[in-house]
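Before any comments, here is the structure.
In this note's numbering, the protein residues as written are 2 to 1046.
Below is the structure:
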C-alpha cells in the first residue's frame, strides 16, 4: 500500500473525524527529557547510594532509560507494514525518545506510581504488532500496561526490606520492557540517565510529599478528546470545523479596523461594559472595540489579535469587570442569597458531615472565568497581575487613598498573603496543578502552619456566624444606586451620540435647504427675466399697433370724403388697398397684443409663485440654521466633557493612520469612568456580602476542598464538582490553569458547565490542546498573536503526513503552525487583513497601539511583522532606572560554533558572561536583564557560564536564588513569550561553515525575531557574527537600526 500517494481527495469530513485524527496523533510525541546537567549512569555511580548529609534537604531522582531515534522507529514500522514509499523517501527527523522513566527516593527505593512508558515507542510497536497502520490506539491499554509494570516495581523495590534499585536492576527492567514492547534490538540502546531533584524542609523539618511524575508523560489531551467524541457540543463542532467553513466565513467578514460605520455601531453607549478596571488610564480605540465585541452575545467564540505590548492583559481586565457586574445584577435580584441555591445530596459521602451540597443558579455560573494557556508563564502573569496592588485609580476605592483609605476591601488581606505581595483584592487564583490547589486551600481555609497573622476566608465565615457580616440589603441598595448612576450616565452619552447624529442630520438638512434656496432663487430670477421679456414683447406690439394706426390715419386723410365712405366701390384704388392691408395688419397686432397680455399675466403669476417658493425655502433655511445652531450649542458642553474622545466626523477621518483617534477611547469621559469604577467596587462588595451571607457558599467550599483532597468517589465528583467550582468562582471570579492540567483539574466537569474561558497566548497552542477547556465552558475569548511563537509540534512529520493522508484530512489542518488562534480567527467575522509572508491573512479584531518598547525595538517589530500598522505610545524610562547598555547595539563577535548541531560560539558566550559581570556592578545585584537565544545548545552554555560568573562575583548569593534568577532570566526565545525586561541580550550563535541551516530557520518567518526584540523595553543588544547574519531574512531589519560595535 502506497500511503504517500493518498493525498486529500476533497471529500467532506466531519468534526468527529478530525477529532479522531488529533487523538491518534497525540500518541506520537517523541520525548527525550535528558539535559546536560543530568547524570549519565553509564559513566557514574548511582548517586542515591551516597549518604545525604544535610537533614534539611531531601533528594529524589528521575531516571530515564533507553534511547531510540524516531527516524529508525518509523522506517522499521513502514518496512514491517509494507508501507514504503515508491521513492523510499521518509521525512527527515532527528528527534529521539527514551523508552521509559521512573523515580527513586534518596534511599534508592521505587516511588510508587512513577513508572511511565514512552507513548511514542509504545504506539509504533502497537502498529507493528497489529500489522496495520489503521490500528486504533487505546489509552486504556497503555495505562493497563504501565500499571502492571508499576505494580511489579512496587512489589520488588518498596518497603523497608526491599533492595535499592541498582544499575543492574535498571538494565534488567530495560530488557523486560523491550520484550513486552517487542521492539527490535537494533532500534534502541540501553542509555541510563538520572536527574537529581531537591526538596527543602519547612520550619518544622517536614518535607512535602514526593511528586511521582517525571517529564516522560503521556499526552494530557487523550481522555478529554475521547470524552468530547462521545458528547460533542455545537460549539465544539463549530470550532473543530472552522477551517472547513473558510469560504462561508469570508463572505461575512467585517473589517472592524477600517469600517467606520461598524466601529460607530459597536461604540454606541449601550455597547460599553457597565464597569471599568480601576486605573487612571483608558483603553485605546481598537481595545475598546475588542472589549465591546467580546462581552456581546453575538458569538460564543471570539478572537482578539494582540501584538507585543498592545494591552491584551488590559483587555482581559475589562472583561473581568464586565462579568463581575453582570453577575452582581443577577445577584441583586435575590432578597436572600440562599435562594440562589438548591440543596442536593451525595450518594456516597465520605462522612456524616459531608452529605449535602448546593446546586447554584445556572445564570450566576455563566460569569465565572477560567484563564487557560499553553504555558505557565501566561497564566501566572494574568493571575498575578489582576490582584496586584493599585497605586492610582479614579475613586480611591482600590488604591485606598484619600477618604476611601478606610473603606472595606474585597478580601485584600487574604489576597496579599496568598500572592505574597501587596494585593487590592481576591480577584484571581492559580489552579490546575495539585500543588496550586493545595496552596489555595491553605490560604483560603486552613491557614499556614506556624505563620503569624493568618487570615483566611474560613475566619471571615466564622466572624459572619457571630453576626459580623456585611449587610445584604445595604449592599444591594448601594449597588443599585451605583448601577442607576451608570445607567443615567449611559443615557446621557446616548443623548450626546444622538446629538451628534442630529447635528450631522441638521447639517444635511441645512445643505438641502440651501440647495433649495439657491434653486428657488434661480427659478425666481429666471421667471422674472421671462416676465420682463414678455413685457418687452408686449411693448413692442403696442408700439407696432400705434404705428399701424398712425399709417391708417395718414392713408385715410389722403382720400376724399366719398372714397372714405364708399371705399368698397374703389377697391382697386392703390391707397384704399394699402389702407385695407394696414388695417388688417393692425387687427392681427391687436390679437397678438391680447395674447401677449395673457402671457404676461401668466408669467406674473409664475413670478409670484416662484417668489413664494423662494420665501418658503428661505424660511426653511432659517429654521435649519436655527436648528443646527441649537444643536451646536447643546453639543458645546459635551465636546468639552469628552475632549479628545469626542467622536465627530473629524475623529473618523483617515482612521487607519489617525494616531490621535487610535489612542483615544471614544465616548468615555472622566466622570463616567469614575462612576463605572465605583460600580465595579459596589459589585465586589455585593459579591462579598452574598458570599458571607450564604451558608450554601460556605458548605460548597468545604466540599470542594475536600473533593480536591480525594475524599469523594467518582460519581459524586461528577454530580457536584461543577456546582462546587462555580461556587468558588463566586468568591474568586478568575481562576487559571494550563491546558496540560485541564484534563485532571476539570475531569469531572461536564460540557458547558462553566462560564467564560479566556485563552491567552493562543497562537502558541495547538488546536486540540484547547478542546477540553472549550468543551466545558459556554463562551471562549481567544487572545493571541500568530506572529509570535507558533505551536511547538514534536510529532514526526512523516507520521503526521501519513496519518493525514490515511484519514483524508484537508490541507488546512495539516500545516504545523495551525493554532487555537487560527481556528478562532476563521470563526470571527470582525477583524482585519495583514500581509504575512506575502499572503493576506485574516486576523480577528487586531490591536494596534503599542506601549512596551522604545526605539529601535518597536520599529523592528512593527516592520517585520505588522505592516507598519502599529502606533507607539511607550513612555520613556524613569530617570532612576539603571542600564548596562548605553544604547541598543549589535556586538559583532565572530567565532566557530562547536558543530554537530551545537550552535554555541565560545567567544560569544565569554562576551556575554563579561556583560553579565558588568551588569552585576551596574545593578548592584542581580539585574533586570534577559539573555535569550534561538537555540537550546546555546542556552545550556549560557546558563553554565552565567552561573559561574554570578557565583564568583556575588559569593554571598544563595545557590537557590542564582538558580531561580537564571531560570527566569536566561533561556530560549520560545520560553520568553509574554515576558519583558528593561534590557535584553540576544545571543545568535552559529558560524558560516556549520550554521547556515540553523540561520535560515531563524529567518524563515518573522516570529522568532519579532518575539526576541519585543522582550526589551528600553535596550537591545544582539551578539552574533554580523557578516553572516545580516543577509538572513528579518534579521536584516535589526541591522538597519542597531549600531555596529
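Every residue gets a Cβ at the ideal spot worked out from N, C-alpha and C, and that includes glycine.
| Check | Outcome |
| --- | --- |
| Only counting the same chain, and skipping five residues up and downstream in sequence, which positions put a Cβ closer than 7 Å to that of residue 825? | 302, 304, 763, 783, 845 |
| Cβ of residue 740 within 8 Å of Cβ of residue 375? | yes |
| Looking only at its own chain, which residues have a Cβ that is under 8 Å from the Cβ of residue 373, when we skip the five neighbours before and after it? | 380, 737, 738, 739, 740, 743, 758, 759, 760, 761, 771, 774 |
| Have a look at residue 1048 and residue 422 and give me their C-alpha separation to the nearest angstrom. | Absent from the model: residue 1048. The displayed extent of the chain is 2 to 1046, so no value can be given. |
| Quick check: residue 728 and residue 755, are their CB atoms within less than 8 Å of each other? | no |
| With distances taken Cα to Cα, identify the nearest neighbour of residue 95 among 68, 934, 833. | 68 |
| In terms of alpha-carbon separation, which member of 917, 259, 992 lies closest to residue 1027? | 992 |
| Could you tell me which of 77, 63, 108, 19 sits nearest to residue 52, measuring between CA atoms? | 108 |
| Does DSSP put residue 552 in a helix, a strand or coil? | helix |
| To which residues of the same chain is residue 241 closer than 7 Å at the C-beta, ignoring the five residues directly before and after it? | 16, 19, 20 |
| Relative to the alpha-carbon of residue 780, which residue among 789, 532, 297 has its alpha-carbon at the smallest distance? | 297 |
| Are there three or more Cβ pairs, one per stretch, closer than 8 Å when the stretch 687-698 is compared with the stretch 467-485? | yes |
| Using a Cβ distance threshold of 8 Å, determine whether the stretch 876-883 contacts the stretch 314-328, with at least three qualifying pairs required. | no |
| To which residues of the same chain is residue 392 closer than 8 Å at the C-beta, ignoring the five residues directly before and after it? | 400 |
| Residue 665 to residue 265, Cα distance in whole Å? | 14 Å |
| Pull up the distance between the alpha-carbon of residue 324 and that of residue 331, whole angstroms please. | 11 Å |
| Between the Cα of residue 191 and those of 906, 939, 511, 169, spot the shortest distance and give me the residue it belongs to. | 169 |
| Whole beta strand (DSSP E) runs in the stretch 877-909 with 3 or more residues, listed along the chain? | 890-893 |
| Out of 180, 141, 194, 202, which one is the CA nearest neighbour of residue 55? | 202 |
| Looking at the ligand FMN, does it come within less than 7 Å of residue 310, judged from the CB to the closest heavy atom? | For the structure depicted, the ligand FMN is absent and the ligand set is empty, with no information on it obtainable. |
| According to DSSP, is residue 21 part of a helix, a strand, or is it coil? | helix |
| Take residue 591 and list the residues in its own chain whose beta-carbon comes closer than 7 Å to its own, dropping the five residues that flank it on each side. | 546 |
| What are the start and end residues of the beta strand (DSSP E) that includes residue 1? | Any property of residue 1 remains undetermined from this structure, which presents the chain solely from 2 to 1046. |
| Can you give the Cα-Cα distance for residue 1041 and residue 646, rounded to whole angstroms? | 37 Å |
| I'd like to know if the stretch 653-660 and the stretch 267-284 are in contact, where contact means that at least 3 CB-CB pairs between them fall below 8 Å. | no |
| So, at 6 Å on beta carbons, what are the nonlocal neighbours of residue 360 in its own chain, with the 5 sequence-adjacent residues on each side left out? | 343, 345, 724 |
| In whole angstroms, give me the CA-to-CA distance for residue 144 and residue 482. | 58 Å |
| With a CB to CB cut of under 6 Å and the five nearest residues on each side skipped, what residues in its chain are close to residue 985? | 931, 1016, 1017, 1021 |
| How many Å lie between residue 584 and residue 577 at the Cα? | 10 Å |
| From residue 1035 to residue 150, what distance separates their C-alpha atoms? | 51 Å |
| Identify whether residue 89 lies in helix, strand or coil by the three-state DSSP scheme. | Confidence in residue 89 is poor, its pLDDT being 48 and thus under 50, which makes the residue's placement unreliable; the coordinate value appears in the next sentence. Here residue 89 sits in coil by DSSP. |
| For the alpha helix (DSSP H) holding residue 814, just list the boundary residues, first then last. | Premise fails: residue 814 is in no alpha helix (DSSP H) and is neither H nor E. |
| With DSSP as the reference, identify every bridge partner of residue 1000, one or two as the case may be. | DSSP output for residue 1000 lists no bridge partner at all. |
| If you follow the alpha helix (DSSP H) that residue 370 is in, where does it begin and where does it stop? | Element bounds for residue 370: not the alpha helix (DSSP H) but the beta strand (DSSP E), 370-374. |
| Tell me residue 843's beta-bridge partners as DSSP assigns them. | 834 |
| So, for residue 982: in the same chain, excluding its five sequence neighbours on each side, which residues have a beta-carbon less than 8 Å away from its beta-carbon? | 929, 930, 931, 970, 1016, 1017, 1018 |
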